[in-house]
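Here is the structure we will look at.
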Ligand code: SF4
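Residue numbers (the numbering used here): 117 to 569.
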C-alpha cells in the first residue's frame, strides 16, 4: 500500500479533509495551551526522555524486577515472543475458564497482534468498550488514530451506524444521545462479560503494579466486574520507580487531549478478591528495535498521539492512508522497523518539518528517525526505481557546478516552451495541484555577478 496513493483517495473528499484537519489541529491547540500552564514543561520532557533512555538501557533487568514483584503481588505473568504467542496465551486463559464473552478496553497492542479476529475465529465474543473503539468495531474498521480511533467519522455517520447495528432510532446525531445509547448497549456487555482485558500504560518495576489511563472508566468497569483480568503490555511499557509515574502522567494527558489529568488513572497491584490477574508481556519485534542505535528511541513512545495531531501530512491524509496500524509520524517509524518492504512508503509521508519532534513529550527525534529510515530504505533497494533514478541524476548534477549551471540554463529555456500537456504530465506530481512558477530569465548567480553586494 503506497501512502501517496491512499492519501490521494482521502484528499479527494475536500470537505472531509478540511474538517479532519481542523478537528486534529484543535486537539493540537488544546495541547499547546495545556503545556503552557506548566512552567517546567520542558524540564518534564527532558526528565521523561532520560527515564526512558535509562530504562531502555537496562530493559531486561527492569522487566525481571517487574515480574518478581508482580508475582509477589499475586499477579500471574506470561511472556510472549510474538503476536501469535500472545494470542494463544490469552485464548488459553479464556479456555481454562470456559469463557466465551470478553470485554476489552483500548489496547493498540492487541490490534497489533490481531487478537480480535483470532478470538472470534475460536467462538469468543470480543467487545471493545472504549466508545471510539466500539464505533470502529461496529463499522468493521481498524482505528484511524491511536487516541481518538473514530476521529474520521462524523456524528451523523455514527447515528446511522448505531441505528443499523445496535437498534437506535434513525437520524440521531446529538453526541450526548449517541453516547447514552452506547453506554446502555455497553452496560449489558459489561454485566455479561466473563473476562476483562486491558492494555497497560505504565508497569512499575519497583512495585510490580501497573497503571491504566482512560477517560471513560471503561477499563475500570471491564476489569472489576468479571473475576478475571488480563492486561497486555509491550516490553517497553515498564518504568523503574513509582516516583517516575508522576512525570509521565503529567505529560500524557496534556499531550494527548490537553486535559490536566485523565479522568481515570487506575493502579492495579493484584487480583480482586477471589479473582485472577494476568499480565502478558509481549516482545513482537521490539528487541530488534532495541538493538538499533538509531531507532531504539522510538520504544520510548507513550502513545499520546500528539505527533499525529500536529503532523500536516497525517491531518490531511487520514489514518487509513498509512499501511501500518499506528499512523502518523510514530507509526511511520515503527511500521518499517517491523517490515521495511511492506511499509516502505511511510518514512516519505512527512515534510520533515520537525513539528512531531517538537511536541513529543518524551523527546523522540521523530523527523530525524524518518530521515534516517529513508536512507535505510535506499540501501535496501526499497525505493521505487523512478525515485532512485531521479535522485541519481540530481545527485550527479548538484555535485558538479558546471553541470548545475548548464542544467539551469537549459531548463530556463526549455520549460516556458513546453506544451502544457507535457509540463504537467503524470510525472509532475508537484504540478497536480499547483502552477509551476514562471522561469526567471537569469540565474541568481548572474544577478549577483551584475550587481555585486
Ligand atoms: S512519538 Fe511522542 S508524540 Fe508521538 S505518540 Fe509517541 S509519545 Fe506521543
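Yeah, the Cβ is synthetic: ideal placement off N, Cα and C, and Gly gets one too.
Query                                                                                                                                                                  : Result
Count the other CB atoms, across all protein chains shown, that sit within 10 Å of the CB of residue 469; report buried if there are 16 or more and exposed otherwise. : exposed
Counting only the same chain and skipping the five closest in sequence on each side, list residues whose C-beta sits under 8 Å from that of residue 467.               : 428 and 429
Of all the options 256, 296 and 274, which has the alpha carbon lying nearest to the alpha carbon of residue 289?                                                      : 274
Going by DSSP, which residues form a beta bridge with residue 217?                                                                                                     : 241
Between the Cα of residue 175 and the Cα atoms of 393, 406, 235 and 435, which residue gives the shortest distance?                                                    : 406
Where does residue 312 sit, in a helix, a strand or coil, going by DSSP?                                                                                               : strand
Are there 16 or more other CB atoms within 10 angstroms of the CB of residue 549, so buried, or fewer, so exposed?                                                     : exposed
Heavy atom of the ligand SF4 less than 7 Å from the Cβ of residue 570, yes or no?                                                                                      : Nothing can be reported for residue 570: it is not among the residues displayed for the chain, which extend from 117 to 569.
Which word fits residue 453, buried or exposed, when buried means at least 16 other C-beta atoms lie within 10 angstroms of its C-beta?                                : buried
Which ranges does the alpha helix (DSSP H) cover as unbroken runs of at least 4 residues, wholly within the region 218 to 287, from first to last along the chain?     : 224 to 228, 231 to 236, 247 to 254 and 271 to 281
For residue 378 versus residue 331, is the C-beta distance shorter than 8 Å?                                                                                           : yes
Measure the Cβ-Cβ separation of residue 506 and residue 147 and say whether it is below 8 Å.                                                                           : no
My understanding is that residue 448 touches residue 424, with C-beta atoms under 8 Å, so please give their C-beta distance in whole angstroms.                        : That pair is no contact at about 10 Å.
I think residue 426 touches residue 471, with their Cβ atoms under 8 Å apart; what is that distance to the nearest whole Å?                                            : 5 Å
Taking 8 Å as the cut-off, does the region 323 to 338 touch the region 172 to 186 (at least 3 CB pairs, one atom from each stretch)?                                   : yes
Where do the ends of the alpha helix (DSSP H) carrying residue 195 lie?                                                                                                : Counting along the chain, residue 195 falls outside any alpha helix (DSSP H), though it belongs to the beta strand (DSSP E) covering 192 to 196.
Have a look at residue 540 and residue 130 and give me their C-alpha separation to the nearest angstrom.                                                               : 22 Å
By alpha-carbon positions, which one of 227, 262, 269 and 240 ends up nearest to residue 251?                                                                          : 269
Going by C-alpha distance, which of 458, 504, 516 and 479 is nearest residue 117?                                                                                      : 458
Run through the region 485 to 512 for me and flag every whole beta strand (DSSP E) of 3 or more residues, listed as ranges in chain order.                             : none
What span of residues does the alpha helix (DSSP H) with residue 207 cover, start to end?                                                                              : 199 to 212
Mind checking residue 460: buried by the 16 CB within 10 Å criterion, or exposed?                                                                                      : buried
Please classify residue 306: does DSSP put it in a helix, a strand, or coil?                                                                                           : helix
Please check the pair residue 446 and residue 415, which I expect to be a contact at CB under 8 Å, by giving their CB distance rounded to whole angstroms.             : At roughly 11 Å, the Cβ-Cβ gap does not stay under 8 Å, so residue 446 and residue 415 are not in contact.
Around the Cβ of residue 300, are there at least 16 other Cβ atoms within 10 angstroms (buried) or fewer (exposed)?                                                    : exposed
Could you give the DSSP three-state label for residue 181: helix, strand or coil?                                                                                      : helix
Helix, strand or coil for residue 347 per DSSP?                                                                                                                        : strand
Just mark residue 462 as buried or exposed, buried being the case when its beta carbon has 16 or more other beta carbons within 10 Å.                                  : buried
Name the DSSP beta bridge partners of residue 380, please?                                                                                                             : 330
Closest to residue 203 by CA distance: which of 227, 187 and 222 is it?                                                                                                : 227
Buried or exposed for residue 512, please, with buried defined as at least 16 other CB atoms from any protein chain shown within 10 angstroms of its CB.               : exposed
Residue range of the beta strand (DSSP E) that residue 410 falls in?                                                                                                   : Unbroken run through residue 410: none, as it is neither H nor E.
Hey, residue 249 and residue 292: beta-carbon distance below 8 Å or not?                                                                                               : no
Among the residues of its own chain, which have a CB less than 6 Å from the CB of residue 234, if the five just before and after it don't count?                       : 203
Do residue 311 and residue 262 have their CB atoms nearer than 8 Å?                                                                                                    : no
Classify residue 170 as helix, strand or coil using the three-state DSSP reduction.                                                                                    : helix
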